[in-house]
Structures are given as structure tokens and as C-alpha cells.
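Chains as they are written, first to last, in the working numbering: chain A, 1 to 240; chain B, 1001 to 1353. Below: one structure, written as C-alpha cells.
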Amino acid sequence: MSDLLAINELSKNFGGVCASDRVNFTVDKGEIVGLIGPNGAGKTTVFNLISGFVRPDGGRVTFDDKDVTGLRPDQISRLGIARTFQILKPFPHMTVEENVMVGALVRHPHPAVARELAGHCIELVGLEHKRDALGGELSTGQRKRLEMARAMATEPRLLLLDEITGGVDQPSIPGLMKLVGSLRDEGVTLLIIEHNMRVVMELVDRVIFLNLGAKLTEGPPREVAANPDVRRLYLGSGHA
Amino acid sequence: MNPASGEIRRVEGVPWWIVVGGLGALIAYPLAFTMPFHQHIVIMALLYGTLGTAWNILGGYTGQVSIGHGVYYGIGAYTAAYFYVNFGLSPWVSWPLALMIAFVAAFVIGLPTFRLRGHYFVLASVFIAEAAYIIISNWEMVGGAIGLEYPIHRAESPLDALWHLQFHKSKLPYYYGILTLFVASVFVSWRIRFRPLGYFLKAVSEEQDAARSLGVDIARYKMVALLISVLFTTLCGIFYAQYVMYVEPVSTMSLIISLEIAFIAIFGGIKTLWGPVLGAFIIIPVTELLRANFSGHIALDQSALAEGGIGAWVDYYMAGGGGNVDLLVYGLLIIIIARFQPNGVIGFFHRFD
């Protein structure tokens, strides 16, 4: 079985609202999978369910053939699933290097080793020049890079990226896209939530489309984008 | 937190020669100032410096503001006193017991309350401290509201005195005892920040969800921080009991004590190594002098103090005679510091970014 991640019938209710409605999908090793859908479709809820921040009401999350349903976020992280947050959460009074070291120290308790790994991750995301800046001093784009560096420092096999290009100025987007590509080159499998369709089309191997908490369709990006329901719900009728 | 590659030049911003000089001065102080009251002031400053430093590991580094550390201080004081008064058990024997009780209490209190965030954790700590105070005040076995008074042991030899931890001729053993504890707590508080634990605690204090997403078991590290904090707080309690030879609820387990411990650290500057030390060495001498000078009580003239020793002095204001001038001063100081330097006194020495 080459599934790195398998989601089975995953469900979550928030006070009667079905945020996640028996969702099924898999992510293969080495893939970049896009999770898309209109606002409120339950994309971030799926991330929270996978990463342990929200406990599912039903269903199962399997990672590397292990059932990880209901484990704590830190346990899931140590098993090899890292995530970034849509609402960015840097450690504001720690330097960039210290931010990233927190992730590295969990696997490498020796600070010198962790510092070296952190340095590698900081270079990977292109923040070398900000190594000694405080997390709270960074721009939005830099914070996104910091979140990725931090996540990479946990040495994940699967990385969940929540809205990497959201809230970032247009000129920064190609750089961020290139960065996501280079994360894959590091051997990490990626599941990404993304609103920018250009990014999805160029970057992603496969798309999963969610609507109202349920999976509507999945497939190669062009196929999903051509789906009439997707076009109506998401792209707007005028989209080419 | 940067690596000290090679030799250590600075200890958290303070040049090493000042640290060494300061320690030297503390060692030499009681030899130069032989008056009991003068020694007493620094003993209390060292005691509160240790308490503030211990509190800061949880309340500062970890961001879990506890207004309930009097519980652990009280457990230390009461355990030592109870076993000495009732069974003649030396604190050298009873201290592991005190620590065990304190650690169990820390687990029982920490496990549920660490799930609370922000002000709810603060409130929970206040209620628990107050509950502990009410229990201890009504518990006949440990003397209720009156407390426990140590019998005086006339030591036959210095070794005998050391075994009983009672020294009546000189304060020096107490002085160097608490100095040792103080140095140990500051050392732990300093080195912790170079360890993974230090990074994890800071991460927990700044952004818990991000810390969890990076694999940090936040419940575990909060508990580790609490236990380190409790270790020193309990030892301070034991020291205090041996020092004043009288333990009662108000001076060991009350909310005032819990507040004082937090206040020392906050006033000096939390999240920093030297803040709580600075806080203790400013607040304690000021309040001790105020208590001594504004009370108008005869027992506090210095010759009487010298004769009566700590007993006369303690009898005096543990009975509530000291007035509450010190509390007024706390209030005034907190207003001044909140207005001009919210980072604490240490902020005057730092340039904060």
C-alpha cells in the first residue's frame, strides 16, 4: 500500500453544523494534493482532524498504516505529520532561529544539532537574513516562511500547508510556489489548502474538492476545474 | 539564548565579573555586618530571591501565572515543623517527605488546572491557595490557626546543631544555608534556558498551539516546570520553618504569601534570570526596614532584637503588630512600576526591542 495518509468516513459536528461529513481520501507518498472548496467547506477542519487539534466524532485517520485517530497534536507531530496555521502563530519574542529550533529540538535534544538543522530549514525557506529577527517583527510573507521552516524542522513525512499564498502580495507568490516545490524535493509529501487557482493548477498533482463538509469530487486539477458543479460553486460561471 | 561558544562572558546580559563579585559580596556580607538585623534582612532577601526565581520558572518562562505558590511553601514549612515538633525528626530526615507531599499536591493541582488558559489558571490557583489556607487553619493536628512552635534544642556540639538545624548563637549557618539554596535556584534558572526544556517552556508561554503542532507535549513540560518550581519553593518553606522556629497559617500558606512571591518576580521582571533577584533585593530590604521603623514597637529597637533574636522579632509582627505599612508600599511600588516600566525593574537596565 503506497498510501501515506488515508482518511476514512471522517466526521465532525460543531453544534449541529456538519463541518466534516464522512470524508474519504488518500494521499500517496511523494504527492502534492490540494484541498480546495468555498469558504466554510471544512478544509481547515479536515486539517485540524488530521493533526489532532480537533477530535473526530466518527471515522478514522491512518498514517503510514497506523491508526492515529484521536491522538494529541504533539503525538501526531512526532509521528511525522507537520502543519502550518492559516492564522499564523509565530513565537513572537523568540528569534527566527529559536522559533525553528523548537521544532528541531523535539527529535534532536542536543541544541547544537538542533541549531544546525534549524539553519538548514531557515535557508530552505530563504530567511537566512532574518535569523536573528524576532518572530513578531516579520512580515506576513516572512511569517509564512517561518511556519514552513518550523514545520520542516520536525522532519515530517507529511506536511499540511494551510493557505500559503493567502494574504500575501502578488509578487511574493511565485517565490512561495517555488518553495513548496522545493519542500517536495526534500522528500516530503504535501497536502495543501489553497484558494489561488493558479497555484493549484501549477503545483498540485491531484485536487480534492470539498463543499459543506463533504467531498464533492477529486481528480487531476484540470479535470476538477472542468467539473460543472465545481465551476458553479467555486470558480463562478464566468471562469474560463 | 545564543550559544556560549567557549568561555562564558556574560550571564544573561550581566558581565561575569559582576556576577562573581556579587556572589563574593554576598559571601562576605555577614562577616562585615555582624548585627543580627542586618543579617536578617539579607537572609530574607535571599529567601525571597529564591522563591521569586522558582516562581519565575513557572510564571515567567512558562507563562503559567500562579498566585498559589504559598501552598508549596506551606507544605515545606508545615511538614518540617510537624515532624520535628511531634517526633523530633530532623529536617534532614523529613525533607524528602515534604518534597513528596508537595510533588503529589503539584500533580493533583497541576493536572486539571494546566488545561485552563490565561486568567482562568490564575483564578484556579488563587482558589486552591485559599482552600489550603482554610484547611490548614482548621486542622487541629497541625495546630490550627495557632500553628506549631518548635521546642528549643540546646545543641551539645556544632554537629548536633546541624542535625537539628537550630542555631541560636549565630545566624551564619542560616545565612549560608539560604545563600546555597539561592545560588542553586539561580543556577538552575539560568541553565534551563540553554536546554531543550528552556526552548519548550518559552514556546509554551508564547503560543501553545504552535508548540503542540511542533511536537511539544505541553502538559508534560508545564508539569516539569511546576515541579522544578515546587522543589525550590518547598525547600524554602522548610528553611523558613527552621529559621523562625514557628509555623502558622498566615505567614506560610496565606494568599498574602502567594501574592508576595509572585509580586517579587513581577516587580523585578518576569521571564528574565535577574528580575526576581533584583525584585527581592529591592522589595525585601525596603519592607523590612519599614516594618522595623514604622511599627513603633519596642521589640524592634535593635538592642532588643539582638537580645531576643529572631524570636522577639517574629513574635512581634507575626502577631499582627507590624501594621501593614509594607502592604501599602507594595501597592505604591506596583503602581509606579506598572506606569513607568511594565517589564519590571530589570527593564531599566535592558533595551527592549
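Yeah, the Cβ is synthetic: ideal placement off N, Cα and C, and Gly gets one too.
Taking 8 Å as the Cβ-Cβ cut-off, the region 1190–1216 of chain B approaches chain A at F1194, R1195, P1196, Y1199, F1200, K1202, A1203, E1206, E1207, D1209, A1210, A1211, R1212, S1213, L1214, G1215 and V1216, given in chain order. Nearest C-alpha to T1053(B) among F1107(B), I1284(B) and P1276(B): P1276(B). Relative to S2(A), the option among E194(A), V27(A) and V188(A) whose CA is nearest is V27(A). Judged by DSSP in its simplified three-state form, G1331(B) adopts helix. Inside the region 1046–1090 of chain B, DSSP marks whole alpha helix (DSSP H) runs of 4 or more residues at positions 1070–1087, from first to last along the chain. Exclusion of the five residues before and after A1280(B) leaves A1045, Y1048, G1049, G1052 and I1264 as the residues of its chain whose Cβ lies within less than 6 Å of its Cβ. Between the beta-carbon of D162(A) and that of T44(A) there is about 6 Å, and that keeps the pair under the 8 Å contact cut. L1116(B) carries a coil assignment under DSSP once its states are collapsed to helix, strand and coil.
Note that the C-beta distance between L159(A) and V168(A) is not below 8 Å. Using a Cβ-Cβ cut-off of 8 Å, L71(A) is close to nothing in chain B; its nearest Cβ partner there is about 11 Å away. Out of I1136(B), Y1174(B) and P1196(B), the CA that lies nearest to the CA of G1215(B) is found in P1196(B). The C-beta of D67(A) has fewer than 16 other C-beta atoms within 10 Å across all chains shown, which makes the residue exposed. DSSP places E218(A) in the strand class (E or B) of the three-state scheme. No Cβ-Cβ contact shorter than 8 Å links P90(A) with G126(A).
With contacts defined by Cβ atoms closer than 8 Å, V207(A) and I36(A) form a contacting pair.
Distance from I1136(B) to P1249(B) at the Cβ level is roughly 5 Å; contact confirmed, criterion being Cβ atoms closer than 8 Å.
Counting of Cβ neighbours within 10 angstroms places M1035(B) among the exposed residues, the total staying below 16. Secondary structure note for V200(A): its alpha helix (DSSP H) is the uninterrupted segment M197 to L203.
Within chain B, the residues R1212, S1213, L1214, G1215 and V1216 have their CB atoms less than 9 Å from the CB of S77(A), given in chain order. Within a 10 Å sphere around the beta-carbon of E1260(B) sit 16 or more other beta-carbons, which makes this residue buried. With a cut-off of 8 Å on Cβ pairs, the region 112–132 of chain A is not in contact with the region 72–80 of chain A, counting fewer than three such pairs.
Spatial neighbours of G1074(B) in its own chain (CB-CB distance under 7 Å, excluding positions within 5 residues in sequence) are listed in chain order as A1132, I1136, G1237, T1252 and M1253. Shortest Cα-Cα distance from I1218(B) to any of T1113(B), I1337(B), V1329(B) and A1032(B) involves T1113(B). Under the DSSP assignment, L161(A) falls in the beta strand (DSSP E) whose first and last residues are L158 to D162.
Chain-order list of chain B residues neighbouring H93(A): E1206, by C-beta distance under 7 Å. From the beta-carbon of T154(A), the residues of chain B found nearer than 7 Å are L1214 and G1215. With fewer than 16 other beta carbons inside 10 angstroms of its own, V1014(B) counts as exposed. Within its own chain, the residues whose Cβ lies closer than 6 Å to the Cβ of G1198(B), once the five positions on either side in sequence are excluded, are I1192, listed in chain order. The beta-carbon distance between F1167(B) and Y1176(B), rounded to whole angstroms, is 11 Å. This is too long to meet the 8 Å contact definition. Cβ-Cβ distances below 6 Å link G103(A) to R150, A153 and T154 in the same chain, with the five nearest sequence neighbours on each side left out; the list follows chain order.
If you compare the alpha carbons of W1016(B), Y1061(B) and I1266(B) with that of E1207(B), the shortest gap goes to Y1061(B). For L1179(B), the closest of L1328(B), Q1341(B), I1041(B) and A1338(B) by C-alpha to C-alpha distance is I1041(B).
For R206(A), the secondary structure class from DSSP, reduced to helix, strand or coil, is strand. In the DSSP assignment, R1009(B) falls outside any beta strand (DSSP E) and carries neither an H nor an E.
For F47(A), not one C-beta of chain B is nearer than 8 Å to its own C-beta.
At a cut-off of 8 Å between beta-carbon atoms, D162(A) makes no contact with chain B.
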